[in-house]
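Enquirer: Numbering (the working numbering), first residue to last: 274 to 380. Where a beta carbon is used, it is the ideal one built from N, C-alpha and C, also for glycine.
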Amino acid sequence: MIFIVVKFTVRGEYADSFLDRIEEFTLATRAEPGNLFFEWSRAVADPNEFVLLEAFASADAGKEHVESAHFKAAMAWLPNVVARTPRIVNVEVPGDGWARMAEVTPA
274 MIFIVVKFTV
284 RGEYADSFLD
294 RIEEFTLATR
304 AEPGNLFFEW
314 SRAVADPNEF
324 VLLEAFASAD
334 AGKEHVESAH
344 FKAAMAWLPN
354 VVARTPRIVN
364 VEVPGDGWAR
374 MAEVTPA
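#1: Could you check the C-alpha separation between Asp319 and Asn363 for me, to the nearest Å?
#2: Tell me, please, which residues DSSP counts as bridged to Asn363.
#3: Please list, in chain order, all residues of the same chain as Phe310 whose beta carbon is under 6 Å from its beta carbon, the five residues on each side excluded.
#4: Should Gly389 be labelled buried (16 or more other beta-carbon atoms within 10 Å of its own) or exposed?
#5: Is the beta carbon of Arg303 closer than 8 Å to that of Val354?
#6: Quick check: what's the CA-CA separation for Phe281 versus Pro359?
#7: Helix, strand or coil: how does DSSP classify Asn308 here?
#8: Roughly how many angstroms separate the alpha carbons of Glu286 and Ala356, rounded to a whole number?
#9: Run through the DSSP bridge pairs and tell me what Ser331 is partnered with.
#10: Taking only the alpha-carbon atoms, compute the straight-line gap between Ala342 and Ala334 and give it to the nearest angstrom.
#11: Under 8 Å between the Cβ atoms of Ser361 and Val283?
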């Protein structure tokens with residue numbers, strides 16, 4: 274699976290509306306056949322930073338994602354919203370999604 278983490282620092286005036294602005298892109302990506310997950314979080318230490326965890330079943334699925342119309346549309350308006358170039362980790366890892374953590378189970 275292709276596992277990707279992206280940190281987006283958005284301009285302050287867009288921080289409170291960012292998740293609404295990115296919703297159409299998020300829903301379209303989640304509907305892609307090769308998408309395993311696409312999850313946004315807001316940083317606790319910096320309210321202008323959003324973290325995206327995403328995974329695709331294969332390199333081909335990732336390629337289809339970046340070639341999609343919704344990806345290209347988001348990349349067209351995101352430069353006007355971000356405060357700096359997003360930071361990314363993109364790796365291929367074994368597996369097909371989330372595994373259970375062995376060290377912690379509910380009591």
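Expert: So, to answer that:
#1: 23 Å
#2: Ile277
#3: Ala328
#4: Outside the shown range of the chain, which is 274 to 380, sits residue 389, and nothing can be said about it.
#5: no
#6: 5 Å
#7: strand
#8: 10 Å
#9: Bridge partners of Ser331: none, in fact.
#10: 14 Å
#11: Rather than Ser, the amino acid found at residue 361 in this sequence is Ile. No, the pair does not count as a contact, with Cβ atoms beyond the cut-off.
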